[in-house]
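If you read the protein sequences in the order shown, they are chains V and P.
The first sequence begins at 9 in this note's numbering and counts up by one.
The second sequence begins at 6 in this note's numbering and counts up by one.
All residues carry an ideal CB built from backbone N, CA and C; glycine is no exception.
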Amino acid sequence: MNEEQLGRNIRQALDAGLDDLGGDVAARLAVARLTALEHRGPVGRPTPVLTLARQHPWPGALALLAILAAFLWVTRPADTPAEDGSVDILLLTGDIPPQAYADWRLVHQEDVGPVCFATF
Amino acid sequence: MASTREIDVFLAGVERRAFKHALFATQDQHAALDIVQNAMLKLVERYAGKPAGELPPLFQRILQNAIYDHFRRARVRDFWVRLVAPVADKDEEPGETLEALAGHSEAAGQRGPEEEVSGRQRLAAIEKALTALPARQRQAFLLRYWEEMDVAETARIMGCSEGSVKTHCFRAVNALAAKLGEMGIKP
Numbered sequence: 009m010n011e012e013q014l015g016r017n018i019r020q021a022l023d024a025g026l027d028d029l030g031g032d033v034a035a036r037l038a039v040a041r042l043t044a045l046e047h048r049g050p051v052g053r054p055t056p057v058l059t060l061a062r063q064h065p066w067p068g069a070l071a072l073l074a075i076l077a078a079f080l081w082v083t084r085p086a087d088t089p090a091e092d093g094s095v096d097i098l099l100l101t102g103d104i105p106p107q108a109y110a111d112w113r114l115v116h117q118e119d120v121g122p123v124c125f126a127t128f
Numbered sequence: 006m007a008s009t010r011e012i013d014v015f016l017a018g019v020e021r022r023a024f025k026h027a028l029f030a031t032q033d034q035h036a037a038l039d040i041v042q043n044a045m046l047k048l049v050e051r052y053a054g055k056p057a058g059e060l061p062p063l064f065q066r067i068l069q070n071a072i073y074d075h076f077r078r079a080r081v082r083d084f085w086v087r088l089v090a091p092v093a094d095k096d097e098e099p100g101e102t103l104e105a106l107a108g109h110s111e112a113a114g115q116r117g118p119e120e121e122v123s124g125r126q127r128l129a130a131i132e133k134a135l136t137a138l139p140a141r142q143r144q145a146f147l148l149r150y151w152e153e154m155d156v157a158e159t160a161r162i163m164g165c166s167e168g169s170v171k172t173h174c175f176r177a178v179n180a181l182a183a184k185l186g187e188m189g190i191k192p
């Protein structure tokens, strides 16, 4: 007898024996099945929002990109040296001449009177 | 996505075989029922969104994992029990069932010729022979020949190569044929 034949014979015998499991076991299996079906969670019933997102993915993707861009803009590093106060300190301590940040036209207009320093 | 009705029909169709799978492995009816219930719950909670056609291999994988988990928990429990009671009798471990089966075979041989063995006795002998198989051989044999899964699918569920599945099945068939022959039962 080859492997397939023996497997087939044993399958038939085992299948025939399934009806003799006994009422208790069959009842417990049925209860287990019904209990499991009652636990069908959100995976089985997708929410309307998820359904909508699956049907129309582009608006959601664009909204996510917009949120990401806004986040990056808000959290970007300071791009002007004056914003962190270090330049003010250097000016006060004399390490940088005031002219470095002054409008050269105002600095060199002698007829204006007192020299006007415009920092920004 | 499988409907609740489809899942119900599928589970109703496999629940008895699943119970027998677990029973062959654990030899404990209550544990087997718990394993099947846990497997059903996991299938419904995690994979109810899958198409109905994908449920059989998923359920088999969940069931086999649930059986592994049962033995893993039992090993941990045994470890602590042995720690507390170091003189526990190791002869009571499962795995010595081949010798037990040999005893059954002698008893079966005394009952008479093959024709007198009823279908129920034949089934009992087959179940004993299956129970006596090493776990991996039994798992491969039942998945291939009872669940009618192909070699590749069986290998995926068992987490091994296709070659290992073929080897397990070959050895299982030889062992079953030999044991049933010893019991005077034509397989």
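Annotation: Cβ neighbours of G25/V in chain P (cutoff 7 Å, chain order): L128. Taking the Cβ atoms as the reference, C174/P lies roughly 5 Å from R149/P, within the contact range of under 8 Å. Within chain V, no C-beta atom comes nearer than 7 Å to that of E187/P; the closest sits roughly 15 Å away. For H26/P, the enclosing alpha helix (DSSP H) starts and ends at 9-31. One finds nothing in chain P with a Cβ atom closer than 8 Å to the Cβ of R62/V; even the nearest lies about 11 Å away.
With a contact defined as Cβ atoms closer than 8 Å, F64/P and L88/P miss out at about 36 Å. Under the 9 Å criterion on CB atoms, G31/V is classed as non-interfacial with respect to chain P. Going by C-alpha positions, L46/P is about 36 Å away from A182/P.
Looking at E153/P, E132/P, M163/P, the one whose alpha-carbon comes closest to that of I190/P is E132/P. Here L138/P has F146, A177, A180, L181 as same chain residues with Cβ atoms under 8 Å from its own Cβ, once five neighbours each way along the sequence are excluded. The DSSP-derived three-state label of A157/P is helix.
When Cβ-Cβ separations below 9 Å define contact, I75/V makes no contact with chain P. Annotated as distal: F15/P and L37/V, with beta-carbon spacing of 9 Å or more.
None of the residues of the region 63-87 of chain P has a beta carbon lying less than 9 Å from any beta carbon of chain V. Taking all protein chains in view, the Cβ of V86/P is surrounded by fewer than 16 other Cβ atoms within 10 Å, so the residue is classified as exposed.
In the three-state reduction of the DSSP assignment, D103/V falls in the coil class. Residue-level contact check: R84/V does not touch chain P, since none of the beta carbons of chain P fall below 9 Å from its beta carbon. A Cβ of chain V is located within less than 9 Å of the beta carbon of L16/P.
In this structure, the CA atom of T43/V is about 12 Å from the CA atom of A44/P. Counted as a single uninterrupted DSSP element, the alpha helix (DSSP H) harbouring T136/P occupies residues 124-137. Annotation for R87/P: the continuous alpha helix (DSSP H) segment containing it runs 60-89. Taking 9 Å as the cut-off, the Cβ atoms of T31/P and H75/P count as close. In this chain, the alpha helix (DSSP H) harbouring R143/P covers 140-146. Collapsing the DSSP output to three states places L29/V in coil.
At least 9 Å separates the beta-carbon of V41/P from that of A79/P. 9 Å or more divides the Cβ of P62/P from the Cβ of M163/P.
A160/P and E152/P do not touch by the CB rule: their CB atoms are close to 13 Å apart, not below 8 Å. Against chain V, the CB of L60/P has no partner CB under 9 Å away; the residue lies outside that interface. Rounded to the nearest angstrom, the Cβ distance from L60/P to A7/P is 6 Å, consistent with a contact under 8 Å. Taking the CA atoms as reference points, Q63/V sits about 19 Å from L73/V.
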